[in-house]
Structures are given as structure tokens and as C-alpha cells.
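A.B. asks: Let me give you the structure first, and then I'll get to my questions.
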Amino acid sequence: MTLDDLQDDIEAAYGDFDDEYELSIDRETRNELAMLSVALDPDDPDELVRRAVHMLFQSTVDRGTLDFHLRSSYDCTYDEYLSGMTFDQMTGNDFPQPQDNDDRRYQF
Numbered sequence: 001m002t003l004d005d006l007q008d009d010i011e012a013a014y015g016d017f018d019d020e021y022e023l024s025i026d027r028e029t030r031n032e033l034a035m036l037s038v039a040l041d042p043d044d045p046d047e048l049v050r051r052a053v054h055m056l057f058q059s060t061v062d063r064g065t066l067d068f069h070l071r072s073s074y075d076c077t078y079d080e081y082l083s084g085m086t087f088d089q090m091t092g093n094d095f096p097q098p099q100d101n102d103d104r105r106y107q108f
């Protein structure tokens with residue numbers, strides 16, 4: 001898969017999320033959400049879920065986990081996704097190189 005495939009999949013997933021995303025949670029998650037809601041007292045409990053998604057995203061970026069999964073599935077990194085170009089495209093290594101390596105050109 002490629003950078004274009006990643007972009008297509010992200011756009012498809014983004015379209016699948018409505019403005020009101022219904023989330024089913026298990027008992028443990030409900031208990032933790034209740035604890036955080038009481039302790040942090042947000043205006044809306046949905047704010048805690050948004051914060052949790054942001055924290056999970058940031059931690060996967062910081063630890064390199066996101067890049068690992070993107071490289072495994074799409075052969076690109078998050079930085080490449082953000083720039084819209086693969087590393088090879090940025091450095092110019094995307095073009096076919098001549099096979100004959102003329103090492104003698106600097107010899108007299």
C-alpha cells in the first residue's frame with residue numbers, strides 16, 4: 001500500500017464518523033470515565049473522550065508506534081503523510097538510477 005492508499009483510507013474513516021459519534025464502553029471504561037469526570041469536572045463528559053483520543057494519538061506518535069504501524073501497512077511514516085511525499089520522493093531517490101556505476105571517472 002502507498003501514501004495515496006493511506007490518504008484514501010483516512011478520508012473514508014473520517015467520513016464514517018458522524019458529528020455525534022456513538023461509543024459503546026465496557027464496565028471498566030465506564031468506571032474510569034466516571035472517576036475522571038468527577039475528578040476533572042469537565043463541562044461535558046465527551047470532552048474527556050476527546051482528550052483521551054488526543055493523548056493516545058500523541059503518545060503513539062511520540063513512541064514511534066504510529067510510524068511502525070503505518071510503515072507496516074502503508075510503507076510510509078506520519079511525517080511523510082503530513083508532507084504528502086515519501087522520503088524517496090523528497091530526496092530524489094524515487095527515480096531510476098543508472099545501473100552502470102562509473103567509479104573510474106575520477107581516476108587518471
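For the sequence shown, position 88 (counting from the first letter as 1) is numbered 88 according to the UniProt record's numbering, and the numbering increases by one without interruption.
Note that beta-carbon positions come from the ideal geometry of N, C-alpha and C, so glycine has one too.
(1) In the structure shown, what three-state DSSP assignment does isoleucine 10 receive?
(2) For glycine 15, which three-state DSSP category applies?
(3) Count the other C-beta atoms from every protein chain shown that fall within 10 angstroms of the C-beta of leucine 70, then say buried if there are 16 or more, exposed otherwise.
(4) Identify, in the order they occur along the chain, each residue of the same chain with its Cβ nearer than 7 Å to the Cβ of threonine 77, setting aside the five sequence neighbours on each side.
(5) Going along the chain, which residues of its own chain have a beta-carbon closer than 6 Å to the beta-carbon of proline 45, five neighbours each way excluded?
C.D. replies: Taking the coordinates as given:
(1) Here residue 10 refers to the residue found at position 10 of the sequence shown. Correct three-state label for isoleucine 10: helix.
(2) Locating residue 15 in the sequence shown gives position 15, where the first residue counts as 1. Correct three-state label for glycine 15: helix.
(3) Counting from 1 along the sequence shown, the entry for residue 70 is found at position 70. Leucine 70 should be labelled buried.
(4) The residue labelled residue 77 in the question sits at position 77 within the sequence shown. These residues qualify, in order along the chain: Asp67, Leu70 and Arg71.
(5) Numbered from 1 along the sequence shown, position 45 holds the residue referred to as residue 45. Excluding residues within five positions, the ones whose Cβ falls inside 6 Å are Ser37.
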